[in-house]
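Take a look at the structure below.
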Amino acid sequence: MKTRRQFWLSILALAAGLTAGCEKAASPKVNSLQSWKVVLLSARGDRIFENGQRTALTRLMAQDPRFVLQVQDAGFSPETQLTQMKEAVAEKPFAILLDPLQPKPLKTEVAAAVNAGILVIGLGEKCLDLGCNTALIGDQRQLGSLAGDMTVRALLLKNQEMGLSEAVGRVIEIRGDEDSSLCQHRHEGFAAALKKAPGVILVHDAPGDWNVTGGRDRTFDALRLQQSFDVVYAHNDLMALGASMALSQKNLRDNVMVIGTDGFRGPEGGITLVSDGEIDATFYHPLLVDLAWVLVRKKREEPAFHPKARYELPLRSIQPKDLEDIRLNGLAAFPEL
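Residues -25 to -1, 1 to 312 in mature numbering (1 follows the signal peptide of the UniProt record, and there is no 0) are what the sequence shown lists, from first letter to last.
Put into structure tokens, the structure is as follows:
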């Protein structure tokens, strides 16, 4: 007789993931006589996602010694970010990669940068109306919707094995924070997907501050208040890991499906956590800076190149059945430039 843990894995094996591919950048031609600065203006550098962006961009740019990376972290302060943006524009770098906290105060400086010939690449949905040369986005509502669809499918298949014809279950959601539009959009997509199945109820929704401790504590809170539930959806993989740890401590892990978000590589990344069985699934949240780097290099090599106003990067689920494909082909292909 298979355990409930094995059951969730068999359920996920039946759920269809999104297709993926990969794209490799061409090898650079080194010019030792000139270098170009790229400035990354990060919103909140202590979050795992921003750490991942910084690490990825540093690794990519290290392959081309013509470019120099400068990272500025606003520490979640719009005033600090505005000052950093003004200073960056004054230095006239080749490119500015901007993750805005509050877009409106930055519009004047973005316009000044674009007019000065600086390539300004916006990171995230907040940049769509900021006037950047281009905005790179991963659709946050779709990300939440995909998690909701997976939840409903898994609960439907679970109940069909029990002789029921509808999806029925209790779900908790652990947001990153209460204030960001990113979390709100993910929640809206997730909640809308759950509404397609009236028997699936969101019974607990609380912020976990993007870290393992927050995910663990919010799961303990949910257990105390709700006693039981079937699925945990966390807005990043660290909080999903915390939820898994809390459930394991209460000997409930095999009874609950745990879904994360981000899908990073590395020791505590979602890919590793899925591979190790710590969480059951995650969803790939594009880092954006990898495509930004492709655009920076293309603009440097082809000055007449003008990027599109926006690029939407593909999302995908990551389940145990997807790991070999990811190993061979990468996570997702870039959109056409």
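Note that CB positions come from ideal geometry on N, CA and C, so glycine has one too.
Local conformation of residue i per DSSP, three classes
{"i": "LYS67", "result": "coil"}
{"i": "THR30", "result": "helix"}
{"i": "LYS12", "result": "strand"}
{"i": "ASP184", "result": "coil"}
{"i": "GLY144", "result": "strand"}
{"i": "ALA(-6)", "result": "Note that ALA(-6) has pLDDT 37, beneath the 50 cutoff, so the model's placement of it is unreliable and no number is given."}
{"i": "HIS179", "result": "strand"}
{"i": "ILE149", "result": "strand"}
{"i": "GLN45", "result": "strand"}
{"i": "LYS4", "result": "Legend: pLDDT at LYS4 = 49, less than 50; position of this residue unreliable, value from coordinates given subsequently. Coil."}
{"i": "ASP39", "result": "coil"}
{"i": "GLU287", "result": "strand"}
{"i": "SER17", "result": "strand"}
{"i": "MET232", "result": "strand"}
{"i": "ASP192", "result": "helix"}
{"i": "ASP205", "result": "coil"}
{"i": "SER292", "result": "strand"}
{"i": "ASN304", "result": "helix"}
{"i": "ALA110", "result": "strand"}
{"i": "PHE258", "result": "strand"}
{"i": "ASP124", "result": "helix"}
{"i": "ASP104", "result": "coil"}
{"i": "residue 361", "result": "Outside the displayed span of the chain (-25 to 312) sits residue 361, for which this structure offers no information."}
{"i": "ASP237", "result": "strand"}
{"i": "MET60", "result": "helix"}
{"i": "TYR312", "result": "A small fix is needed here, since residue 312 is Leu in this sequence, not Tyr. In the structure shown, LEU312 sits in coil (DSSP, three-state: anything other than H, G, I, E or B)."}
{"i": "GLY244", "result": "coil"}
{"i": "ARG22", "result": "coil"}
{"i": "MET214", "result": "helix"}
Status (buried if at least 16 other CB within 10 Å, exposed otherwise) for residue i
{"i": "ARG302", "result": "exposed"}
{"i": "PHE280", "result": "exposed"}
{"i": "GLN38", "result": "exposed"}
{"i": "MET137", "result": "exposed"}
{"i": "SER2", "result": "Low confidence applies here, because SER2 scores a pLDDT of 44, under 50, leaving its location unreliable and the question unanswered by this model."}
{"i": "GLY123", "result": "buried"}
{"i": "GLN77", "result": "exposed"}
{"i": "ALA63", "result": "buried"}
{"i": "LYS4", "result": "Confidence at LYS4 is low in this model, with a pLDDT of 49, below 50, so its placement is unreliable and the value that follows should be read with caution. Its Cβ having fewer than 16 others within 10 Å, LYS4 is exposed."}
{"i": "GLY113", "result": "buried"}
{"i": "SER292", "result": "buried"}
{"i": "PRO282", "result": "buried"}
{"i": "GLN9", "result": "exposed"}
{"i": "SER120", "result": "buried"}
{"i": "ALA284", "result": "exposed"}
{"i": "GLU84", "result": "buried"}
{"i": "LEU57", "result": "buried"}
{"i": "THR236", "result": "buried"}
{"i": "LEU111", "result": "buried"}
{"i": "VAL271", "result": "buried"}
{"i": "PRO40", "result": "exposed"}
{"i": "residue 335", "result": "Nothing about residue 335 can be read from this structure; the chain reaches only from -25 to 312."}
{"i": "PRO75", "result": "buried"}
CB-CB length for residue i against residue j, believed under 8 angstroms
{"i": "PRO295", "j": "VAL249", "result": "6 angstroms"}
{"i": "GLY174", "j": "ILE149", "result": "The Cβ separation is near 22 angstroms, so there is no contact."}
{"i": "SER219", "j": "GLU163", "result": "Actually they are not in contact, since the Cβ atoms of SER219 and GLU163 sit about 25 angstroms apart, beyond 8 angstroms."}
{"i": "GLN45", "j": "VAL264", "result": "Wrong, their Cβ atoms sit about 14 angstroms apart, outside the cutoff."}
{"i": "LEU130", "j": "VAL143", "result": "6 angstroms"}
{"i": "ARG161", "j": "LEU118", "result": "6 angstroms"}
{"i": "VAL233", "j": "ASP205", "result": "Not quite, the Cβ-Cβ distance comes to about 11 angstroms (not below 8 angstroms), so this is no contact."}
{"i": "ALA209", "j": "GLY183", "result": "7 angstroms"}
Closer than 7 angstroms: residue i CB and nearest the ligand FMN heavy atom
{"i": "LEU298", "result": "The ligand FMN is absent from the structure shown, which contains no ligands of any kind."}
Under 8 angstroms between C-beta atoms of residue i and residue j
{"i": "VAL95", "j": "ASN108", "result": "yes"}
{"i": "LEU216", "j": "VAL187", "result": "yes"}
{"i": "GLY106", "j": "LEU73", "result": "no"}
{"i": "ASN211", "j": "PHE51", "result": "no"}
{"i": "PRO310", "j": "GLU287", "result": "yes"}
{"i": "LYS273", "j": "LEU312", "result": "yes"}
4 or more residues per run - each alpha helix (DSSP H) lying fully within the region 70 to 99: Here the runs fully enclosed are 78 to 90.
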